[in-house]
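Below is one structure, written out as structure tokens; comments come after it.
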Amino acid sequence: MVIGVLALQGAVSEHCRALDSLQVRSKEVRNLDDIIGVDGLIMPGGESTTLRKLLKNTGLWKFIMESELPILGTCAGAILLGKSNDETFQKMDFTVDRNYYGRQIDSFEEILEIENYPNFRGVFIRAPAITDVGISKPIAYCNGEIVGCTDGKNMALTFHPELTSDSYFHEMWLRNIYERSER
Ligand code: GLN
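In terms of our numbering, the sequence shown is numbered consecutively and its last residue is 333.
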């Protein structure tokens, strides 16, 4: 299994390190040649408007839109997976509010509420909120609010799991796509 990490912006090497720690091969994706043959794609955080522009310029937007590739989106990557007033891939059934936390609390860390998994520290950087979840399943909460969800193939996290050493969410996503490919 090879996982592509979108390398146009954001914490690319940190995601690769998380995959390394799980003994999964990673590949940086910058153009259409890079994305051929990957089994899944991580879309890191950054700035969703910039990310959208770069994805369109490289032709990756159209490729991803039309592909069935499993995607893990973190922060800006999660925005692009959900529904928003801005243009997104809309691959998952939830709505995002980009600037939910406002400027006062730009960034913060908090222990998340996760079923049967204590002490995961969520790092939030100008995080969006997941406001309306349809058929996706919530998998993480912060102070009672949904900060992560999955539909099995795709996973959206409003925090940055690559900035802590715990690869819990990377592993969950990989396990989900591996199980799907076995079926
Ligand atoms: N607020 C950013 C956006 O709107 C996302 C921030 C992040 O990815 N850390 O795209």
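C-beta atoms are modelled at their ideal positions from N, C-alpha and C, and glycine is treated no differently.
Note that the coordinates shown come from a computational prediction; the quantities given were computed from them, not determined experimentally.
Would you call the segment 211-218 and the segment 245-252 in contact, with 3 or more CB pairs under 8 Å?
-> no
Do Y251 and A277 have their CB atoms nearer than 8 Å?
-> yes
Beta strand (DSSP E) segment containing T300, residue limits = 295-300
Residue burial classification, K241 (beta-carbon count within 10 angstroms, cutoff 16) | buried
Can you find at least 3 beta carbon pairs, one from the segment 151-165 and one from the segment 186-201, that sit closer than 8 Å?
-> yes
C299 Cβ short of 7 Å to the ligand GLN heavy atom set | no
At a cut-off of 7 Å, is S331 close to the ligand GLN when judged by its beta-carbon and the heavy atoms of the ligand?
-> no
Along the beta strand (DSSP E) that carries C292, what are the first and last residues, could you check?
-> 287-292
Counting only runs that start and end within the segment 190-222, where is the beta strand (DSSP E) found for 3 or more residues in a row?
-> 190-193
Based on Cα-Cα distance, which residue from G190, R175, D243, K203 lies nearest to P288?
-> D243
Element boundaries [alpha helix (DSSP H), containing R175] = From DSSP, R175 is part of no alpha helix (DSSP H) but of the beta strand (DSSP E) over 175-179.
Does the beta carbon of R271 fall short of 7 Å from some heavy atom of the ligand GLN?
-> no
Counting along the chain, where does the alpha helix (DSSP H) carrying E329 start and finish?
-> 318-332
Just to confirm, does P278 get its C-beta within under 7 Å of one of the non-hydrogen atoms of the ligand GLN?
-> yes
By a C-beta neighbour count over all protein chains shown, 10 Å radius and 16 as the cutoff for buried, is P268 buried or exposed?
-> exposed
In three-state DSSP terms, what is S234?
-> coil
D183 by DSSP, collapsed to three states: which one?
-> helix
Once you ignore the five residues that flank S286 on each side, which residues in its own chain have a CB closer than 7 Å to its CB?
-> M242, D243, F244, C299, T300, D301
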